[in-house]
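If you count by my numbering, then the sequence shown holds residues 242 to 403, one letter each, in order.
I have placed the structure first, in the form of structure tokens, so that the comments after it can refer back to it.
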Amino acid sequence: MIRRGNVQPSGRVTAGERQTTVQRSTGIFTLVQDGAESILSVATRVPYSETAYYYNYAAGNGYLQRNILFTDVGTSLRVSASVLPDNQIRVRLTPRISYFSAERSGAIDFTEATTELIVPHGQPVSLGGSTTQVHEITRQILGYRDRVSSSETNLVLTATIQ
242 MIRRGNVQPS GRVTAGERQT TVQRSTGIFT LVQDGAESIL SVATRVPYSE
292 TAYYYNYAAG NGYLQRNILF TDVGTSLRVS ASVLPDNQIR VRLTPRISYF
342 SAERSGAIDF TEATTELIVP HGQPVSLGGS TTQVHEITRQ ILGYRDRVSS
392 SETNLVLTAT IQ
């Protein structure tokens, strides 16, 4: 467009703040029949440098003899569920480790840390979180929270009746 005479600029430029949040999520799940139980695998292989925590916890609580040396550790939750009236579900979660050693292998349920919840059908309930190392969720459930991170993993339970 061509104009004769003076040209006055029209329009304006504004600057604003823009914040972008990226959220990635993955899900792990288990199916449990009413009144039955299942195992929800959290971490199949804990880094070797972290196995001492689980060994010390298990030995300190009398779950095993002190002469066993863990070579591999995995963490999971034993999940049991039962349907209650009014579309509610009773969920029992027991932290568990599985281990390998030169002498034997086995699994230990940390029964003193069992948690029982009554949750409404389909409603998410936050159970905890940790740094990006998923196996550390089990450590938090057992009461060890000495970690700081700019990135976290949260464990959210959503029980549904099928």
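We put the CB at the ideal spot given by N, CA and C, even for glycine.
Rounded separation between residue i and residue j - CA only
| i | j | result |
| --- | --- | --- |
| residue 364 | residue 298 | 33 Å |
| residue 401 | residue 308 | 43 Å |
| residue 310 | residue 340 | 10 Å |
| residue 323 | residue 332 | 7 Å |
| residue 302 | residue 286 | 22 Å |
| residue 399 | residue 329 | 11 Å |
| residue 319 | residue 347 | 15 Å |
| residue 357 | residue 315 | 22 Å |
For residue i, three-class secondary structure by DSSP
| i | result |
| --- | --- |
| residue 301 | helix |
| residue 292 | helix |
| residue 244 | Residue confidence is low: residue 244 scores 44 on pLDDT, short of 50, so the model does not pin down where it sits. Its coordinate-derived value is still stated next. Here residue 244 sits in coil by DSSP. |
| residue 352 | helix |
| residue 331 | strand |
| residue 310 | coil |
| residue 324 | strand |
| residue 272 | coil |
Close beta carbons around residue i, own chain, < 6 Å, minus the five adjacent residues each side
| i | result |
| --- | --- |
| residue 243 | Here residue 243 scores only 43 on pLDDT, less than 50, and its place in the model is too uncertain to base an answer on. |
| residue 289 | none |
Chain-order list of residues whose beta-carbon lies under 7 Å from that of residue i (same chain, five-residue window excluded)
| i | result |
| --- | --- |
| residue 270 | none |
| residue 296 | 311 |
| residue 304 | 349 |
| residue 276 | 323 |
| residue 459 | Lying outside 242 to 403, the shown extent of the chain, residue 459 is not represented and no answer is given. |
Range covered by the beta strand (DSSP E) that runs through residue i
| i | result |
| --- | --- |
| residue 278 | 278 to 284 |
Which residues DSSP lists as bridging residue i, in chain order
| i | result |
| --- | --- |
| residue 365 | 399 |
| residue 318 | 281, 336 |
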